[in-house]
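Just below is one structure, and these are the notes that go with it.
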Amino acid sequence: MTGRLYGVGLGPGDPELVTVKTARLIGEAEVIAYHAARHGRSIARSIALPYMKEGQIEELLLYPLTTETTDHPGGYQGALDDFYADCADRLAAHLDAGRTVVVLAEGDPLFYGSYMHLHKRLAHRYPTEVVPGVTSVSAASAVLGRPLVERDEVLTVLPGTLPAEALAERLRATDSAAVLKLGRTFAKVREALAEAGRLDDAWYVERATMGAERVAPLKDVDPGDVPYFSLALLTSPAERTFVPTTGTAPAAVAGEVTVVGLGPAGRPWLTPEAQEALAAATDLVGYGPYVDRVAPNPRQRRHRTDNRVEAERARHALDLARDGARVAVVSSGDPGVFAMASAVLEAAVDFPDVPVRVVPGLTAAQAVASRVGAPLGHDYCVLSLSDLLKPWEVVADRLAAAARADLVLALYNPASRSRTWQLAAARDVLLEHRDAATPVVVGRDVGGAHESVTVTTLGELDPARVDMRCLLIVGSSTTRVAKNGAVYTPRRYP
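Per the working numbering, the very first residue in the sequence shown carries number 256; after that it's consecutive.
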């Protein structure tokens with residue numbers, strides 16, 4: 256028994272314009288899917304949020320490119336076709352498991368919307384229902400308080416991406432028109448309206464029904480201040496008919512390993528690129544507590560390991576990818592800073608056929624620094640106090656060299672249950688070259704539920720109050736503590 260697919264229209268932006276049926280289906284869904292641009296923020300999700308329930312599975316469908324960035328052999332359209340095939344495959348995994356899947360669509364699902372591309376690929380394979388929504392054209396007409404068309408008038412809906420000559424020709428031949436997809440096309444649309452003799456009658460509507468709604472005569476609008484979510488209106492909407500076609504099954508996806516930085520804490524610290532990599536993965540590999548920070552998705556397999564098996568973990572991820580899996584190897588902070596990126600790349604020498612990429616994350620040093628101001632405002636050095644993988648003599652020599660060079664230091668892995676003396680020894684090395692009044696920032700669990708940040712001095716630093724979840728920033732000779740408690744290192748050096 257397969258699941259059921261719903262494409263639901265959310266209307267133009269105001270959550271109160273969501274239909275009763277759409278609100279009910281959102282609340283009952285096991286899986287909520289929605290598109291977003293590269294920044295990772297989804298307008299559709301924000302509209303639907305009042306109707307969503309705790310514990311629902313979310314599928315983020317993040318567009319992979321723009322017209323300017325693709326290097327796909329099939330061009331922009333080829334890259335989009337692959338993207339939609341991949342999205343359909345991900346939703347099909349839920350439908351095959353018997354789950355109800357609701358795909359969110361701004362406006363109406365089959366009116367210039369992304370949902371229709373999933374509909375083409377899935378509607379002939381699974382029970383499917385489309386729930387209509389209020390279009391932006393209807394919303395713009397309502398906001399203006401002007402009728403759409405009357406009696407035998409003809410309404411034309413046009414994309415602003417058409418050539419100016421084609422726009423002008425169609426605008427001359429119709430009674431009413433709505434021109435969508437403005438943004439960068441606005442100047443061309445304005446020119447076409449003027450060429451057709453319709454500019455004085457045209458209205459501009461931006462983000463209809465949303466909080467930032469704006470209405471003005473189109474001829475008075477500054478072309479440099481026009482977002483994508485706006486339209487030109489002579490009068491409004493039209494139906495868009497969609498005929499499903501039987502598509503071929505998505506091609507098998509080649510395996511890959513993506514080493515993903517989770518940042519120091521929860522989702523607010525996660526980059527859109529990292530969100531995309533996690534959403535697209537079939538398998539998650541990593542140290543258990545880091546894997547647990549990623550929201551569970553039953554479509555994905557999770558491989559939790561101990562913290563002391565980096566090489567084995569890396570080879571396991573590469574083995575999975577060689578068998579066709581898309582593996583996300585997760586690391587706290589940035590994967591290239593005392594984390595999994597180097598281990599994976601070292602092991603990848605034996606897997607030349609498996610592509611590996613690294614997705615950066617916000618480091619603990621950056622997170623701790625942000626909490627107190629700008630202690631890393633000038634040259635700084637990053638060191639690990641762990642002597643598990645290198646001799647303590649090397650650690651001490653590097654500490655002394657950095658201290659002599661008057662660099663700010665960000666100290667990772669300052670202590671653990673088995674390493675209890677190293678921080679005190681490091682402090683003694685630094686005091687040979689630094690004043691005891693040098694500012695020291697101790698950040699613990701920054702971004703987490705038990706965050707604490709303390710500003711002290713090198714002379715008063717108490718190693719007993721520091722554990723593995725801490726990061727220390729030791730200032731240089733120019734680092735200062737302001738009266739308001741802010742810590743900063745000036746960019747000018749004496």
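Virtual Cβ for every residue (Gly too), placed ideally from N, Cα, C.
Separation of residue j from residue i, as counted between CA atoms
i	j	result
Val476	Leu426	19 angstroms
Ala449	Arg469	22 angstroms
Arg724	Ala704	12 angstroms
Trp676	Val696	19 angstroms
Glu313	Ala529	15 angstroms
Lys276	Val386	8 angstroms
Ala594	Val650	18 angstroms
Ser391	Val358	18 angstroms
His688	Tyr743	20 angstroms
Arg453	Gly362	26 angstroms
Val412	Val584	46 angstroms
Ile302	Glu283	16 angstroms
Gly702	Gly521	7 angstroms
Ala433	Leu315	30 angstroms
Thr513	Pro749	43 angstroms
Ala471	Val614	43 angstroms
Ala741	Asp661	20 angstroms
Leu640	Ala680	10 angstroms
Val592	Ala580	25 angstroms
Gly543	Val549	11 angstroms
Arg380	Ala348	12 angstroms
Leu631	Leu644	26 angstroms
According to DSSP, residues forming a beta bridge with residue i
i	result
His558	Val540
Leu435	Pro414
Leu317	Ala291
Gly521	Answer is none; Gly521 lacks a bridge partner.
Trp458	Pro472, Leu488
Pro694	Thr712
Leu664	Cys636, Val729
Ser707	Arg699
Arg581	Glu511
Gly368	None, per the DSSP bridge assignment.
When the options are compared against residue i, the one with the closest alpha-carbon
i	options	result
Asp735	Val627, Ala719, Arg724, Pro646	Going by the sequence as given, residue 735 is Arg instead of Asp. Cα-wise, what sits closest to Arg735 is Val627.
Leu377	Asp341, Val404, Pro402	Asp341
Pro270	Gly388, Ala428, Gly479, Arg345	Gly388
Pro745	Pro472, His633, Val549, Met256	His633
Tyr339	Val286, Asn562, Val412, His374	His374
Trp524	Asp605, Thr618, Val392, Ala457	Thr618
Tyr545	Thr440, Leu315, Leu517	Leu517
Ala655	Leu644, Asn668, Leu638, Pro669	Leu638
Asp722	Ser731, Ser707, Thr712	Ser707
Leu573	His558, Ala602, Glu565, Lys474	Ala602
Glu715	Arg380, Ala692, Val540, Ala334	Ala692
Ala291	Glu531, Ala421, Ala580	Glu531
Leu272	Val356, Arg259, His327, Ala394	Ala394
Val599	Arg401, Tyr306, Val540	Val540
Phe366	Arg682, Leu489, Lys436	Lys436
Tyr370	Gln311, Leu533, Tyr261, Gly543	Tyr261
Asp407	Thr429, Val609, Glu511, Leu533	Thr429
Gly295	Gln311, Pro319, Thr355, Met307	Pro319
Pro607	Ser597, Leu631, Gln621, Arg577	Arg577
Glu420	Arg401, Ala596, Val444	Val444
Ala487	Gly415, Glu405, Ala737	Gly415
Anticipated Cβ contact below 8 angstroms, residue i with residue j, distance rounded
i	j	result
Ser587	Pro519	7 angstroms
Arg556	Thr537	7 angstroms
Tyr289	Ala299	4 angstroms
Leu685	Ala658	5 angstroms
Val729	Val623	That pair is no contact at about 12 angstroms.
Pro267	Ala457	19 angstroms between Cβ atoms; not a contact.
Arg568	Thr560	5 angstroms
Val582	Leu575	5 angstroms
Ala360	Leu265	6 angstroms
Ser431	Leu410	4 angstroms
Environment of residue i [buried if 16+ CB atoms lie within 10 Å]
i	result
Tyr459	buried
Met256	exposed
Asp589	buried
Ser485	buried
Ser673	exposed
Gly329	exposed
Gly604	According to the sequence shown, residue 604 is Val rather than Gly. Flag for Val604 reads exposed.
Gln332	exposed
Thr496	With a pLDDT of only 32 at Thr496, under the threshold of 50, the placement of this residue in the model should not be trusted, and no figure is reported.
Gly466	exposed
Ser732	exposed
Asn562	exposed
Ala737	exposed
Residue i: CB within 7 angstroms of a non-hydrogen atom of the ligand PLP
i	result
Gly541	As presented, the structure is devoid of all ligands, the ligand PLP included, so that no description of it is given.
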